[in-house]
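Peer 1: In our numbering, the protein residues as written are 69 to 552. Once you've had a glance at the structure underneath, I'll fire off some questions.
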Ligand SMILES: Cc1cc2nc3c(=O)[nH]c(=O)nc-3n(C[C@H](O)[C@H](O)[C@H](O)COP(=O)(O)OP(=O)(O)OC[C@H]3O[C@@H](n4cnc5c(N)ncnc54)[C@H](O)[C@@H]3O)c2cc1C
């Protein structure tokens with residue numbers, strides 16, 4: 069069934085509209101979000117609308133230890149019922165596109181947040197860019213480019229264009245079949261890349277905010293509810309307390325963090341997520357690869373080669389005509405190859421790395437139509453396993469929010485597998501939370517979202533979805549609509 073979500077105060081709000089408490093949060097544009105949902109929106113109970121004295125007694129999790137913990141699934145549900153602070157502070161765990169877009173939207177609505185991210189070299193998560201001096205060699209080693217299909221993401225991207233953070237990638241891209249047959253894609257829809265790579269884009273996204281604090285590198289290892297707040301820590305070191313927390317990452321790390329957090333519904337949804345594994349091979353070649361022919365492409369989705377699903381000339385993509393040094397190529401395996409050759413990503417055995425490198429370079433020869441072992445030896449290589457690369461199923465809901473536990477989830481997987489999906493999810497969660505905050509948290513039931521949605525398989529390329537470049541992706545994006 070369809071759950072209509074519309075807003076008077078922000079982009080996304082659960083219907084029916086509720087009177088807003090005057091607050092620091094500003095009103096903005098009116099937008100409607102239609103979400104395919106399998107769960108019925110819960111009606112507020114009388115008690116939820118008007119807290120009774122008994123519900124007040126159980127409020128304020130941890131205060132005088134009068135808290136309520138309900139046995140649900142394998143762990144107990146945390147219920148915060150003290151009034152939400154008038155000056156709330158949100159803790160966002162994960163500084164990829166979703167977490168950053170969420171922080172950005174919260175900032176625009178006057179809500180302060182702190183973003184925690186593990187990144188040693190910078191923010192961005194799967195928006196990684198590797199630069200190797202002194203040449204320099206440059207590679208985007210996960211997200212390669214993005215397209216825009218949604219007007220809200222389009223607005224964000226227009227702002228990035230104005231600030232000089234992204235530009236259009238005019239290089240030719242298309243499909244490459246075994247033996248070197250290349251079919252170019254039309255130049256529309258436009259493709260975008262970060263200036264100097266995706267990581268610099270991620271690192272610049274929050275530079276104009278005033279209410280966002282970034283803590284990096286930091287690996288949040290524990291969430292604990294106490295005294296009406298979420299207490300975050302990193303291996304025993306306190307990292308602050310927050311009125312609301314947002315999990316903006318996924319995979320094993322998130323499952324571990326949520327395992328004993330007191331958020332069983334959120335933990336269960338996260339556990340349903342399935343992720344592919346993808347090998348990345350970064351390789352620099354002294355001479356241009358022999359891909360001339362009719363088309364000198366800069367990026368190609370490879371068809372029919374087990375060890376290769378994507379190849380892109382990253383020095384041409386990022387440096388253009390200024391790239392007169394070695395050619396830096398990023399190659400990605402298929403998800404099937406990733407699965408066949410899966411090892412712990414933090415500890416890749418040398419033999420596996422060697423085998424994968426050889427297998428992928430052989431895949432390049434097969435794809436471009438070169439005789440076996442005739443490809444020039446790269447002057448630099450590095451293999452990396454993205455063990456939790458891309459979602460293969462999705463609940464098709466922009467965000468998940470547990471109002472009792474005052475916790476939300478955003479991430480690409482909630483809508484699909486792309487930077488656009490990640491950004492839309494982050495924005496949706498921020499807007500939904502702002503509406504929750506404006507309500508004062510009096511009728512939490514009304515703000516529960518995505519806690520019971522079923523998952524369905526996700527289609528698209530092995531490295532994600534690029535709306536407009538493939539018909540199947542259109543169907544994914546039809547599952548929700550954002551209309552002004
Ligand atoms: C190989 C590959 C190629 C891709 N190519 C494209 C492409 O060309 N175009 C496209 O649009 N998309 C592409 N994608 C998908 C795209 O990168 C993702 O959809 C998007 O970056 C996801 O953003 P996110 O914020 O949801 O998650 P992430 O980017 O994964 O961000 C999560 C962040 O949380 C951090 N984190 C995790 N646990 C903790 C913790 N406990 N404490 C603190 N921080 C934590 C992580 O380190 C990470 O920085 C690709 C992905 C891969 C793997």
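The C-beta atom is built at its ideal place from N, Cα and C for all residues, glycine as well. Remember, predicted model here, so these are calculated numbers, not experimental data.
Is residue 399 near ligand 1, with its Cβ less than 7 Å from a heavy atom?
Peer 2: Because no heavy atom of ligand 1 lies under 7 Å away, the Cβ of residue 399 does not count as near it: no.
Peer 1: Which word fits residue 288, buried or exposed, when buried means at least 16 other C-beta atoms lie within 10 angstroms of its C-beta?
Peer 2: Buried: at least 16 other Cβ atoms inside 10 Å.
Peer 1: Residue 396 and residue 205 - do their beta-carbons sit closer together than 8 Å?
Peer 2: Their beta carbons are under 8 Å apart, which means residue 205 touches residue 396 by this criterion.
Peer 1: So is the beta-carbon of residue 488 under 7 Å away from any non-hydrogen atom of ligand 1?
Peer 2: Yes, ligand 1 has a heavy atom inside 7 Å of this Cβ.
Peer 1: Any idea if residue 223 is buried or exposed, counting beta-carbon neighbours within 10 angstroms, 16 or more meaning buried?
Peer 2: Exposed: under 16 other Cβ atoms inside 10 Å.
Peer 1: Are residue 427 and residue 375 closer than 8 Å when you measure CB to CB?
Peer 2: Taking 8 Å as the Cβ cut-off, residue 427 and residue 375 qualify as a contacting pair.
Peer 1: Does the beta carbon of residue 218 fall short of 7 Å from some heavy atom of ligand 1?
Peer 2: No; taking the cut-off as 7 Å, the Cβ of residue 218 has no heavy atom of ligand 1 nearer than that.
Peer 1: Go ahead and label residue 415 buried or exposed: buried means 16 or more other beta carbons lie within 10 angstroms of its beta carbon, across all protein chains shown.
Peer 2: By the neighbour-count rule (16 or more Cβ atoms within 10 Å), residue 415 is not buried but exposed.
Peer 1: Locate the beta strand (DSSP E) running through residue 432, then write down its first and last residues.
Peer 2: Unbroken run through residue 432 is the alpha helix (DSSP H), 418-436; no beta strand (DSSP E).
Peer 1: Using DSSP's beta-bridge definition, name the partner residues of residue 343.
Peer 2: Answer is 459.
Peer 1: Out of 484, 494 and 490, point me to the one whose CA is closest to residue 523's CA.
Peer 2: For the residues 484, 494 and 490, the minimum Cα distance to residue 523 belongs to 484.
Peer 1: Ordered along the chain, which non-local residues of its own chain (more than five positions away) have a Cβ less than 6 Å from that of residue 191?
Peer 2: Closer than 6 Å at the Cβ level, and outside the excluded window around residue 191, lie 163, 185, 270 and 271.
Peer 1: Could you tell me whether any non-hydrogen atom of ligand 1 is closer than 7 Å to the CB of residue 194?
Peer 2: Indeed, a heavy atom of ligand 1 lies less than 7 Å from the Cβ.
Peer 1: Note the first and the last residue of the continuous beta strand (DSSP E) segment covering residue 280.
Peer 2: From DSSP, the beta strand (DSSP E) with residue 280 extends over 280-283.
Peer 1: In whole angstroms, what is the alpha-carbon distance linking residue 193 and residue 362?
Peer 2: Each residue's alpha carbon lies about 36 Å from the other.
Peer 1: Indicate the three-state DSSP secondary structure (helix, strand or coil) for residue 399 in the structure shown.
Peer 2: Reduced to three states, the DSSP call for residue 399 is strand.
Peer 1: Could you name the residues that DSSP lists as bridge partners for residue 293?
Peer 2: Answer is 298, bridged to residue 293.
Peer 1: With three or more C-beta pairs closer than 8 Å as the rule, is the stretch 346-360 touching the stretch 399-415?
Peer 2: With the cut-off at 8 Å, the stretch 399-415 and the stretch 346-360 touch.
Peer 1: In the DSSP assignment, what residue or residues form a beta bridge with residue 337?
Peer 2: Beta-bridge pairing links residue 337 to no other residue.
Peer 1: Check residue 212 in the structure and name its three-state DSSP category.
Peer 2: Residue 212 falls in the coil class under three-state DSSP.
Peer 1: Is it buried or exposed for residue 189, if we count other Cβ within 10 angstroms and need 16 for buried?
Peer 2: By the neighbour-count rule (16 or more Cβ atoms within 10 Å), residue 189 is not buried but exposed.
Peer 1: On the DSSP letters alone, give me the boundaries of the beta strand (DSSP E) that residue 453 sits inside.
Peer 2: Counting along the chain, the beta strand (DSSP E) containing residue 453 begins and ends at 448-454.
Peer 1: Between the alpha carbons of residue 537 and residue 489, how many angstroms are there, rounded?
Peer 2: So the alpha carbons of these two residues sit roughly 15 Å apart.
Peer 1: Classify residue 390 as buried or exposed, calling it buried when 16 or more other Cβ atoms lie within 10 Å of its own Cβ.
Peer 2: That one is exposed.
Peer 1: From the DSSP output, in three-state form, read off residue 373 for me.
Peer 2: Residue state, collapsed to three classes: coil.
Peer 1: Express the C-alpha separation of residue 274 and residue 171 in angstroms, rounding to a whole number.
Peer 2: Approximately 8 Å between the Cα atoms of the pair.
Peer 1: Could you check where the beta strand (DSSP E) with residue 378 kicks off and where it finishes?
Peer 2: Here the beta strand (DSSP E) through residue 378 covers 378-381.
Peer 1: For the alpha helix (DSSP H) containing residue 150, name the first residue and the last one.
Peer 2: Element bounds for residue 150: n/a, residue is neither H nor E.
Peer 1: Taking 8 Å as the cut-off, decide whether the C-beta atoms of residue 478 and residue 150 are in contact.
Peer 2: For residue 478 and residue 150, no; Cβs fall outside 8 Å.
Peer 1: Hey, would you say residue 157 sits closer than 8 Å to residue 310, going by beta carbons?
Peer 2: In this structure, residue 310 lies closer than 8 Å to residue 157 by Cβ.
Peer 1: Please state whether DSSP places residue 474 in a helix, a strand or coil.
Peer 2: The answer is coil: DSSP assigns residue 474 none of H, G, I, E or B.
Peer 1: On the DSSP bridge list, what partners appear for residue 244?
Peer 2: Residue 244 is bridged to 250 and 370.
Peer 1: Start and end of the beta strand (DSSP E) containing residue 220?
Peer 2: Here residue 220 belongs to no beta strand (DSSP E); instead the alpha helix (DSSP H) covers 219-230.
Peer 1: Just to confirm, are residue 431 and residue 331 a CB contact at a threshold of 8 Å?
Peer 2: It is not a contact, given that the beta carbons lie outside the stated cut-off.
Peer 1: Taking 8 Å as the cut-off, decide whether the C-beta atoms of residue 446 and residue 365 are in contact.
Peer 2: Contact flag unset, no.
Peer 1: Report the residue from 200, 279, 326 and 280 whose alpha carbon sits nearest the alpha carbon of residue 300.
Peer 2: When each option's Cα is compared against that of residue 300, the closest is 326.
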